[in-house]
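Here is the structure we will look at, set down as structure tokens.
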Amino acid sequence: MNRAPQETRNGLPELGSASGQSGYIGRIPVTDVQPAVDCGRYPTKSVVGEEFTVVATVFREGHDAVNATVVVTDPHGVETHHPMTLINPGLDQWECPLSAPREGLWKFRVEGWSDPYATWRHNAEIKINAEIDVDLMRAEGVIVLDRAAAEVERSATGRRLVEEASRALADPEISAADALARATSTDLVAELDAQPLRDWVSPSADLTWLVERERALVGAWYEIFPRSEGAKQDPVTGEWQSGTFATAAKRLPAIARMGFDVVYLTPIHPIGWTNRKGKNNTLTATPEDPGSPYAIGSAEGGHDSLHPDLGDFDDFDDFVGAARDNGLEVALDLALNASPDHPWLDHPEWFTTRADGSIAYAENPPKKYQDIYPPNFDNDPAGMYAEVRRVIQVWLDHGIRIFRVDNPHTKPVQFWQWLIADVAERYPETIWLAEAFTKPAMMRTLAKVGFQQSYTYYAWRNAKAELEEYLTELSSETAAYMRPSFWPTTHDILTPYMWHGGRAGWKVRAALAATLSPTYGIYAGYELMENQPRPGYEEQIDNEKYEYKDRRWEDYEPTGPKAEVSLAPYLTMINRVRSEHPALLRLRNWRAHRTDHDQILCFSKVEGEDRVIVVANLNPHQMIDTWVHLDLAGLDLPEGTAQFQAHDEVTGQTWQWGADNWVRLGPDSEPVHIIAVRP
Numbered sequence: 281m282n283r284a285p286q287e288t289r290n291g292l293p294e295l296g297s298a299s300g301q302s303g304y305i306g307r308i309p310v311t312d313v314q315p316a317v318d319c320g321r322y323p324t325k326s327v328v329g330e331e332f333t334v335v336a337t338v339f340r341e342g343h344d345a346v347n348a349t350v351v352v353t354d355p356h357g358v359e360t361h362h363p364m365t366l367i368n369p370g371l372d373q374w375e376c377p378l379s380a381p382r383e384g385l386w387k388f389r390v391e392g393w394s395d396p397y398a399t400w401r402h403n404a405e406i407k408i409n410a411e412i413d414v415d416l417m418r419a420e421g422v423i424v425l426d427r428a429a430a431e432v433e434r435s436a437t438g439r440r441l442v443e444e445a446s447r448a449l450a451d452p453e454i455s456a457a458d459a460l461a462r463a464t465s466t467d468l469v470a471e472l473d474a475q476p477l478r479d480w481v482s483p484s485a486d487l488t489w490l491v492e493r494e495r496a497l498v499g500a501w502y503e504i505f506p507r508s509e510g511a512k513q514d515p516v517t518g519e520w521q522s523g524t525f526a527t528a529a530k531r532l533p534a535i536a537r538m539g540f541d542v543v544y545l546t547p548i549h550p551i552g553w554t555n556r557k558g559k560n561n562t563l564t565a566t567p568e569d570p571g572s573p574y575a576i577g578s579a580e581g582g583h584d585s586l587h588p589d590l591g592d593f594d595d596f597d598d599f600v601g602a603a604r605d606n607g608l609e610v611a612l613d614l615a616l617n618a619s620p621d622h623p624w625l626d627h628p629e630w631f632t633t634r635a636d637g638s639i640a641y642a643e644n645p646p647k648k649y650q651d652i653y654p655p656n657f658d659n660d661p662a663g664m665y666a667e668v669r670r671v672i673q674v675w676l677d678h679g680i681r682i683f684r685v686d687n688p689h690t691k692p693v694q695f696w697q698w699l700i701a702d703v704a705e706r707y708p709e710t711i712w713l714a715e716a717f718t719k720p721a722m723m724r725t726l727a728k729v730g731f732q733q734s735y736t737y738y739a740w741r742n743a744k745a746e747l748e749e750y751l752t753e754l755s756s757e758t759a760a761y762m763r764p765s766f767w768p769t770t771h772d773i774l775t776p777y778m779w780h781g782g783r784a785g786w787k788v789r790a791a792l793a794a795t796l797s798p799t800y801g802i803y804a805g806y807e808l809m810e811n812q813p814r815p816g817y818e819e820q821i822d823n824e825k826y827e828y829k830d831r832r833w834e835d836y837e838p839t840g841p842k843a844e845v846s847l848a849p850y851l852t853m854i855n856r857v858r859s860e861h862p863a864l865l866r867l868r869n870w871r872a873h874r875t876d877h878d879q880i881l882c883f884s885k886v887e888g889e890d891r892v893i894v895v896a897n898l899n900p901h902q903m904i905d906t907w908v909h910l911d912l913a914g915l916d917l918p919e920g921t922a923q924f925q926a927h928d929e930v931t932g933q934t935w936q937w938g939a940d941n942w943v944r945l946g947p948d949s950e951p952v953h954i955i956a957v958r959p
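Mapping to this note's numbering: the sequence shown position 201 is 481, numbers consecutive.
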């Protein structure tokens, strides 16, 4: 039996819902609403105060005026209307900037509508001035303005403006020209733009919009192995004494002074003995080798326990408190690996059993990790999911709200979607960073299902064209859901650029990481430019994953004998500049500028009145002189600005710059300019 179409709020038949047809078009077509992540399957993301642009195609038949509005629904169900601007009449493209003042799950939709006042105004200005249908146009204007007064809620001033214009059109004693002037005055047009009369309102589908805290987008991370901070080796016996939470806490003031705001701890759990790895991932470990902290689990416990060398939970709580006192958040490494000694081995169904009866260990050819068993989430998903959620709760209860997740791409995406959503119900401020150096589809999907941040390919993007292409992707194509975290090195990554780049190379990669991305990270030892590769691998020799490191930080303090070696002052400068320039703490505002040399990168970021230009020599071995050509319009400078003061935050120098500027950068001076634009 055929059912009659149901009416919408506009009295139009809702064909899609009534007759089973998909792709229902309203009376005023609204199409291509963006940002829409997978057609609205996943939420668009922003942080509090972060602006992004809603874009849509809105049009209609014939020549009557059409208009568009973004309707925003806050987490409490309160709606606000935001007028859109027609940016491309030929393509019917409309846009509107949006930002949210607080966290929560918001919604937005685009409403297309017929604009009777704009239609009348267009026709009246042509016809009345040409003395065509003058009386008819005045009468039709009265009808439109009377409707605008009666049907739309207005302030007393606004209502008076509309009613006076209507009376002027209706009064034969007032000339047509004068009446038209009153009915199209600047004040009246502004009133009817702000509180329009809307016909045939046609809404798009609601799109979800997740607004999170600032740390979900912005952060300067500093990675440490807690056992190395305060570790000491006996000069006679060669035996090591592990660092502890208490000794690691002594390093926090120095990390904070450099301007970092997140201290990230590699795994702090008991380490297994079976198949324990020695130095540089060798298969033979001595009793003095501490093992990899990623081989989690022993008789002392698993992921819900602390390595006894580091201290107990009171010591851990003290460390978290000390971090907080220094303005630092603690990020914990979540590595869902089990050593052969992990208590989880009491549940063999949580792992993969091979044909010979052995449990499969982790492999990433050519790397083999015989000391690690990766869990299998398919044999007993309910049990495995519940156990991980229980473990997470332990750390939530001890104040942790940031998790850096090791290799999430080797676990089911469905699991992460469930876990992150479940934690967010009670702890929506929790942030998850995906350490997934893998194919784009997996990295993007992990972001869509909940990860707030993601490691990226930054470490391998060194050429100008590579960086520009990658930042175009990250700042536009994926910015609605994926937030990049840029790391020049990690405990697992040391690229050839870093082997050979020298001091200039290490400066460039830190400065670009900190200015290209709102979140970036530094692995301890970066200040010392630890750059000796392990033969055959893109990682350091004597990898800290398998041994203690005593870096003797006191030698590199300002009064120490090796102070001139340390890059700590440079990192401090970078973080100070970030804190002083909100433009650097946004992603979608990245814009490339042209240079005459293929190894000179130039880009800008603008946020409100803050404008920053970065110029970097990507060749750490050569001084380069060249021209930089700025798109002044892209810097959003006051109209007519031809020159401005360019203050270099790196050197403290100030120059007069314009559209075309000569730069000289390289290892003999400074490889990077970070320019604050001063009109």
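Every residue, glycine too, gets a C-beta built ideally from N, C-alpha and C.
Cβ separation of residue i and residue j, assumed to be a contact under 8 Å, to the nearest whole Å
i       : j       : result
Gly-730 : Pro-900 : About 38 Å; that fails the 8 Å criterion.
Trp-696 : Pro-655 : Contact doesn't hold; Cβ gap of about 13 Å is too wide.
Thr-716 : Pro-688 : One point to set straight first is that residue 716 is Ala, not Thr, in the sequence displayed. Right, their Cβ atoms sit about 5 Å apart.
Leu-865 : Arg-871 : That belief does not hold up - the Cβ atoms of Leu-865 and Arg-871 are roughly 16 Å apart, past 8 Å.
Leu-912 : Ala-939 : 6 Å
Pro-951 : Ala-790 : Not confirmed; about 11 Å, so no contact.
Gln-925 : Gln-933 : That pair is no contact at about 11 Å.
Arg-684 : Leu-713 : 5 Å
Beta bridge counterpart(s) of residue i as assigned by DSSP
i       : result
Val-327 : Glu-492
Phe-924 : Trp-937
Glu-649 : The displayed chain sequence assigns Tyr, not Glu, to residue 649. Beta-bridge pairing links Tyr-649 to Ala-642.
Leu-366 : Trp-374
Gln-475 : Answer is none; Gln-475 lacks a bridge partner.
Asn-742 : Answer is none; Asn-742 lacks a bridge partner.
Tyr-803 : Glu-503
Leu-945 : Ile-904
Lys-512 : Gln-521
His-953 : Val-895
Val-351 : His-361, Arg-389
Range covered by the beta strand (DSSP E) that runs through residue i
i       : result
Tyr-989 : Not covered by the structure: residue 989. The range shown for the chain is 281 to 959.
Phe-683 : 682 to 686
Thr-360 : 359 to 363
Glu-391 : 384 to 394
Lys-993 : Residue 993 lies beyond the residue range present for the chain, which begins at 281 and ends at 959; the question has no answer from this structure.
Asp-905 : 904 to 909
Thr-875 : 871 to 875
Val-432 : Neither: Val-432 is in no beta strand (DSSP E) and is coded neither H nor E.
Extent of the continuous alpha helix (DSSP H) run through residue i
i       : result
Ser-446 : 436 to 450
Gly-234 : Given that the chain is displayed from residue 281 to residue 959, the structure contains no residue 234 and the question cannot be resolved.
Ala-534 : 532 to 537
Gln-314 : Careful: Gln-314 lies outside any alpha helix (DSSP H), inside the beta strand (DSSP E) at 310 to 314.
Ala-715 : Just to set this straight, residue 715 is Glu in the shown sequence, not Ala. Taken as a continuous stretch (DSSP letters only), Glu-715 belongs to no alpha helix (DSSP H), being part of the beta strand (DSSP E) at 711 to 715.
Asp-458 : 456 to 463
Ile-893 : Unbroken run through Ile-893 is the beta strand (DSSP E), 890 to 897; no alpha helix (DSSP H).
Val-674 : 661 to 677
Ile-700 : 693 to 706
Pro-720 : 720 to 728
Residue i CB to nearest heavy atom of the ligand COA below 7 Å
i       : result
Thr-349 : Although the ligand COA was asked about, the structure shown includes no ligands whatsoever.
- Query: With contact counted as at least three CB pairs below 8 Å, one residue from each stretch, are the segment 388 to 406 and the segment 343 to 350 in contact?
  - Reply: yes
- Should the segment 512 to 529 be regarded as contacting the segment 584 to 601, the criterion being three or more beta carbon pairs within less than 8 Å? yes
- So, do the segment 753 to 767 and the segment 720 to 728 have three or more beta carbon pairs nearer to each other than 8 Å? yes
- At least three beta-carbon pairs within less than 8 Å, the segment 906 to 924 to the segment 793 to 808: no
- Message: With three or more C-beta pairs closer than 8 Å as the rule, is the segment 829 to 840 touching the segment 798 to 817?
- Response: yes
- Using 8 Å as the threshold, is the segment 738 to 748 in touch with the segment 772 to 791, meaning 3 or more CB pairs across them? yes
- Query: Touching or not, the segment 538 to 558 and the segment 568 to 581, by the rule of three or more beta carbon pairs under 8 Å?
  - Reply: yes
- Query: With contact counted as at least three CB pairs below 8 Å, one residue from each stretch, are the segment 375 to 387 and the segment 467 to 481 in contact?
  - Reply: no
- Check whether the segment 320 to 333 touches the segment 370 to 383, counting contact only when three or more Cβ pairs, one atom from each stretch, lie closer than 8 Å. yes
- Message: Check whether the segment 583 to 594 and the segment 640 to 657 are in contact - that is, three or more C-beta pairs closer than 8 Å.
- Response: no
- Message: Check whether the segment 900 to 909 and the segment 874 to 883 are in contact - that is, three or more C-beta pairs closer than 8 Å.
- Response: yes
- Just checking, does the segment 424 to 440 make contact with the segment 500 to 519 on the three C-beta pairs under 8 Å criterion? no
- In the segment 541 to 628, which residue ranges form an unbroken alpha helix (DSSP H) of at least 4 residues, counting only runs that do not cross its ends? 593 to 605
- Message: Which runs of the alpha helix (DSSP H) at least 4 residues long sit entirely within the segment 796 to 870? Give them in chain order.
- Response: 848 to 860
- the segment 436 to 450 / the segment 460 to 471 touching (three or more Cβ pairs under 8 Å): yes
- Query: With a cut-off of 8 Å, do at least 3 Cβ pairs link the segment 673 to 681 to the segment 699 to 713?
  - Reply: yes
- Please determine if the segment 816 to 826 and the segment 563 to 572 are in contact, where contact requires at least 3 C-beta pairs separated by less than 8 Å. yes
- Take every Cβ of the segment 352 to 360, pair it with every Cβ of the segment 317 to 325, and state whether three or more of those distances are shorter than 8 Å. no
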